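Novice: The structure under discussion is supplied below as structure tokens; questions concerning it will follow.
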Amino acid sequence: MLLFPVWVSVFLGLLVGFLPLLGTEPLGGSKPTTDPPQPSSCDSNCSHLTLKLEFSSKVVEDEYIIGFIGYFSAKARSLYISSALRNIGDHLLEWRIVPRENPASDFPSDFELVHIRQASPGNLLMLEDHPYIKRVTPQRKVFRLLKYVSSAEPTAPCNASTKAQKWQSWQSSRPFRRTSLSLGSGFWHATGRHSSRRLLRAIPRHVAQILQADVLWQMGHTGAGVKVAVFDTGLSEKHPHFKNVKERTNWTNEKTLDDGLGHGTFVAGVIASMRECQGFAPDSELHIFRVFTNNQVSYTSWFLDAFNYAILKKIDVLNLSIGGPDFMDHPFVDKVWELTANKVIMVSAIGNDGPLYGTLNNPADQMDVIGVGGIDFEDNIARFSSRGMTTWELPGGYGRVKPDIVTYGSGVRGSGMKEGCRSLSGTSVASPVVAGAVTLLASTVLNRELVNPASMKQALIASARRLPGVNMFEQGHGKLDLIRAYQILNSYRPQASLSPSYIDLTECPYMWPYCSQPIYYGGMPTIVNVTILNGMGVTGRILEKPIWQPYLTQNGDHIDVALSYSPVLWPWAGYLAVSISVAKKAAAWEGIAQGHIMVTVASPAENDSEVGGELLSTVKLPIKVKIVPTPPRSKRVLWDQYHNLRYPPGYFPRDNLRMKNDPLDWNGDHIHTNFRDMYQHLRSMGYFVEVLGAPFTCFDASQYGTLLMVDSEEEYFPEEITKLRRDIDNGLSLIIFSDWYNTSVMRKVKFYDENTRQWWMPDTGGANVPALNDLLTVWGMAFSDGLYEGDFTLADHDMYYASGCSIARFPEDGIVIAKNLKDQGLEVLKQETAVVEGVPILGLYQTPSDGGGRIALYGDSNCIDDSHRQKDCFWLLDSLLQYTSYSMTPPSLSHSHNRVAAPAGNDRPLPQRLEGNHLYRYSKVLEAHLGDPKPRPLPACPHLSWAKPQPVNETAPSNLWKHQKLLSIDLDKVALPNCEGVPAPGPTFISRGERRLGHPWRYHAWPLQPGGGSDHPRLCLPGSDGGPVFFRGPTHQGEEQAQAQETPSEEAHVPAAAVHRGEEPHRLRAPALAPALLPGLGRRAAPERRASALKRGPDGRAALDPRLNEEPLGVEQCCPTTSTYPHLGPDVPVWDLLYISL
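Read left to right, the sequence shown gives residues -23 to -1, 1 to 1119 (mature numbering (1 follows the signal peptide of the UniProt record, and there is no 0)).
Structure, rendered in structure tokens:
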């Protein structure tokens, strides 16, 4: 997936100027080339290519995107901007509208690109005071680096074109990236295959076939009538793989529509290639949006214009193999919401930053977007695939489940840039797999009004097959199952559903991390963030209030539940936050408690003539938790989440300055994201870890042994400092893992290049050391602004100090440990190296008050952080917790050869805050004032309103998870039936014309069973698994003469049936004909002969006509032809079908 740091709008840096020169080429319906491409060959030992895309972005100097509250003409937009600038009163401002010559320029727009020279932040804020101006944001320029890496695992045969490809690369001086989600069968659907056996792939199968798209192709579904947009690098006009490219548009400043890089061609091929490496929907209407230049550059404004044009063109499906961490890039996020509100189904790659957690990319992490992760062909989660949870909700809440689904993204074959096929990996490869599947699925639905972003996501996640041994933040709802999704969509009724559809805190590993720690009385509430999907309409609401119903027979009254939810569900989705706590009466109880929450969603009835008519849908959310007695104080650790800041929105630099390819601290700093391994380790050691998402004034310190503060960037309220001192005097202990802070280095690393925009200066270092020092000053402790790195040994453990600080001051009666380290600050500032002896890095201190707590300081957090950890120090954390919780000083840390005298530090000033920093913009503590920022008023502590229980005397199932069903669908009934025990021929039959190579046609008849839950008839053949049968309605006698005058179109043919015998699928194809009338009529029969066959059955009555009623009919509803097959007897109704591929 083409990922860029804030997709088109990514932050960081400044670049001057751009010349928009855009063009469009309407292709109507371009015909495929008749000459097949020459097959490409490759050596059998050729390696699989992993495509790695890195993104960096720069703010374009003096260029701003001015967003409006609606769509206006160019003249109106100019007048509004002129009026707003006049109101500022600064007549010295020089400004001009930057022309945008592209296909959207002839239509009204909701933004304008303006060059304003030397505008101050105050000027920009005053611009937003205009009643028609919604927001002013900087224009951003995005750079992408494409490079191919030879994977260790070969993919045979690669069949890639041997012709030289034009792959240009650009290396940013500041490598902030938005990674692309594209990194350069028999048992395919089995999710529990033995990992010790490897599948031998002598003959490669295309991903569309592996996912059984050919089943739907043989039923007549090929994506026809569905408009799919590919936002990428373009497509060559005469590429032999595509037959229905409706339009190519160019949104860049280059005068070409062709793909000079190959990524866009590959993505389009996975979706819609018609030959060689076949795509899912070869007959879909391809709309190619070229949004990246051959130099791999794009702009925010290019994407916004292209998105507007996609809305105007009524695009159905949009693949966006791009993304980045900035979910607060408002113009982009708002436009994605607008796209999906206009029924555009957006499919986006989840990111290539795995296996680290907390690395989800936007827009795939949005509720209204289908976020796609990657797996390999052995159904293992791809290492590169980003993991959840979402971090929008931190620190006060908890993230949502993402990705939504996973599918093949490793070693996938797609179209080469000019011809042939190639294999690539990445979630930007998995994304078009799902986009192609969605396009194909949409073409199978007879009532297209039912298809929308919510209903499609509901079908995908309800039909997905769960992978064993994988948690929901890695696989979402499971692996894409195309056929099951098809079955659901064709039985779908508009409704609401939930993701996840149940809460089971006992189910491991799927419900990790919830299942990793039981709940207990007095603990912080466990928060589960559930997404509400509303397939009934783009807007909706929760009717009245959700209802909590505990099961009395299963101890449901032992838990309390608080609920908060979206006031409005838009677009297509909202949230339901469920907070679960243990009731006081269960403080010493252990067991399982269960209940459920009932939610009713209401949406306006779009087609209801009644004023105020609404559609209603009620869903149930089962809850199951394990309760244990409250653990002792010494075993309870409280993680400080409130004082961790991250990108977005501010520029918070990485903690390890050696990691130049990942400059931002953007993973959330949560125990379930980049501190996941640390959390797992603490749980394995018997500790109970809770998360504090509020100020220090909001927790009862008497319940916890240790407060754990790691990599803190936030400031502290004065009241917090006072309370923490009192808590420690009363027995609470404190462990702090700090990081570097040096104002000279911060100035040096701003954007890592020539850019000098002050507002992208780092707002803190790796940690906010001046704020930590304010917290610690009462005990005579402080960190320095020294910046150190190096390897050393401590207590027989190999350690690495990665961009940490030193201890500047510490009490004399404390324990201080020092090591020899490199002066990394000197290296950064002067490119010189020096070793400093005796750098104090670790301090232990017992406070003097009776019953007082203990304090431990360490100057580097990288050894417990998953992001860039080189050597872990979990053993050290264990030792520190032994000290703080039990007052046991580890002998390995107290030995005299490790200890040094406590540094007084009075001769060296402590680090000061960077002058002119803008931390107040992103801080929950500071607010702007004339002069230095001041603390805000202390906020009130979060208060949960517990739902009033409405107990029910029900018994819940022991296992809550079944296939995630929608209300109108029972997959047990929709699934292909088992034909064992089919009775002897009955009153209704189905006939089949069969022809094998070299043999004449033979005719057979078998009983046709009535339909199941969906009222579709079933076709059961001896020795088969059966299959649902779909028919067009037969012609009524009164319409016979009129229809005899017409010739049905070839495109009208629809699916008749799908039959599975063993593992090999067999397809019945439409149209429905009378084989007794046309012996020998094969697949290549002339259309006119087919048409004539459609008009009359064996008895002279009209037969099935594909132009009629599109609803599937049950047996009792049909008007079948009659037949005189000797072995059936006279006048027996028969459904006649031709064409079976055996």
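For every residue, glycine included, the Cβ atom is placed at its ideal position computed from N, Cα and C.
Everything numeric in this text was worked out from a predicted model, so none of it was measured.
Check residue 506 in the structure and name its three-state DSSP category.
Specialist: Residue 506 falls in the strand class under three-state DSSP.
Novice: With distances taken from CA atoms, which of 833, 483, 501, 594 is nearest residue 520?
Specialist: 594
Novice: Which residue comes first and which comes last in the alpha helix (DSSP H) that contains residue 326?
Specialist: Where residue 326 is concerned, there is no enclosing alpha helix (DSSP H), although the beta strand (DSSP E) it sits in stretches over 322 to 326.
Novice: Measuring only the C-alpha atoms, how far is residue 931 from residue 495?
Specialist: Near 23 Å, if we compare the C-alpha coordinates of residue 495 and residue 931.
Novice: Find the nearest neighbour of residue 353 within the set 466, 763, 444, judged by alpha-carbon distance.
Specialist: 444
Novice: First and last residue of the alpha helix (DSSP H) that includes residue 286?
Specialist: 277 to 289
Novice: Opposite residue 575 in the DSSP bridges: which residues?
Specialist: Residue pairing of residue 575 in beta bridges, as defined by DSSP: 524, 597.
Novice: Please report the straight-line C-alpha distance between residue 275 and residue 75, rounded to a whole angstrom.
Specialist: Cα to Cα, residue 275 sits roughly 16 Å from residue 75.
Novice: So residue 712 and residue 861 are in contact, right, with Cβ under 8 Å, and what is the actual spacing, rounded?
Specialist: 6 Å
Novice: Can you tell me the Cβ-Cβ gap for residue 798 and residue 766, rounded? I've got them flagged as a contact below 8 Å.
Specialist: Their Cβ separation, rounded to whole angstroms, is 6 Å, which keeps residue 798 and residue 766 in contact under 8 Å.
Novice: Given 8 Å as the limit, is there contact between the stretch 388 to 403 and the stretch 363 to 373, that is, 3 or more CB pairs closer than that?
Specialist: no
Novice: Which residue's Cα is closest to the Cα of residue 524: 565, 599, 548, 564?
Specialist: 599
Novice: Decide if residue 847 is buried, meaning its Cβ has at least 16 other Cβ atoms within 10 Å, or exposed.
Specialist: exposed
Novice: DSSP three-state label for residue 968, please.
Specialist: Summary for residue 968: the model assigns pLDDT 38, below 50, so the residue's position carries little reliability; its value from the coordinates is reported in the next sentence. Looking at residue 968 - three-state DSSP - the assignment turns out to be strand.
Novice: Is residue 379 buried or exposed, if buried means 16 or more other CB atoms sit within 10 Å of its CB?
Specialist: buried
Novice: Report the residue ranges of all beta strand (DSSP E) runs contained in full by the stretch 171 to 231; include only those spanning at least 3 residues, in chain order.
Specialist: 204 to 209, 222 to 227
Novice: Quick one: complete alpha helix (DSSP H) runs, 4+ long, within the stretch 98 to 122?
Specialist: 98 to 104
Novice: Can you tell me whether DSSP reads residue 861 as helix, strand or coil?
Specialist: helix
Novice: Cβ atoms of residue 235 and residue 214: under 8 Å apart, would you say?
Specialist: Yes. Within cutoff.
Novice: Tell me the residue span of the alpha helix (DSSP H) that contains residue 921.
Specialist: Segment: none, residue 921 is in no alpha helix (DSSP H) and carries neither H nor E.
Novice: Please report the residue range of the alpha helix (DSSP H) in which residue 314 lies.
Specialist: 307 to 318
Novice: Work out the CA separation of residue 793 and residue 877 for me, nearest whole Å.
Specialist: 6 Å
Novice: From residue 472 to residue 436, what distance separates their C-alpha atoms?
Specialist: Rounded to whole angstroms, residue 472 to residue 436 spans 11 Å at the Cα level.
Novice: Just list the residues that DSSP pairs residue 1121 with in beta bridges.
Specialist: This structure cannot speak to residue 1121, because the chain is shown only from -23 to 1119.
Novice: Using the beta-carbon count (16 or more within 10 Å), is residue 418 buried or exposed?
Specialist: buried
Novice: Out of 544, 486, 768, 671, which one is the CA nearest neighbour of residue 918?
Specialist: 671
Novice: So residue 409 is in the alpha helix (DSSP H); what residue range does that whole segment cover?
Specialist: 404 to 421
Novice: Classify residue 295 as buried or exposed, calling it buried when 16 or more other Cβ atoms lie within 10 Å of its own Cβ.
Specialist: buried
Novice: Suppose the cutoff is 6 Å on Cβ atoms and the five residues either side in sequence are ignored; what does the same chain contact list for residue 680 look like?
Specialist: Short of 6 Å from the beta carbon of residue 680, and not among the five residues preceding or following it, lie these beta carbons of its own chain, in chain order: 499.
Novice: Would you tell me roughly how many angstroms separate the C-alpha atoms of residue 527 and residue 455, rounded to the nearest one?
Specialist: 29 Å
Novice: Looking only at its chain, what residues have a beta carbon closer than 8 Å to the beta carbon of residue 722, apart from the 5 residues adjacent to it on each side?
Specialist: 634, 742, 764, 802, 805, 806
Novice: Is the Cβ-Cβ distance between residue 716 and residue 744 less than 8 Å?
Specialist: Going by C-beta atoms, residue 716 is nearer than 8 Å to residue 744.
Novice: DSSP has residue 710 in a bridge; who is on the other side?
Specialist: Residue 710 is bridged by DSSP to 683.
Novice: I need the boundaries of the beta strand (DSSP E) containing residue 796, first residue and last residue.
Specialist: 792 to 800
Novice: Taking the alpha carbon of residue 856 as the point to measure from, which residue in 666, 607, 279, 771 has its own alpha carbon closest?
Specialist: The shortest Cα separation from residue 856 among 666, 607, 279, 771 belongs to 771.
Novice: Is residue 530 helix, strand or coil when you go by DSSP?
Specialist: It is helical.
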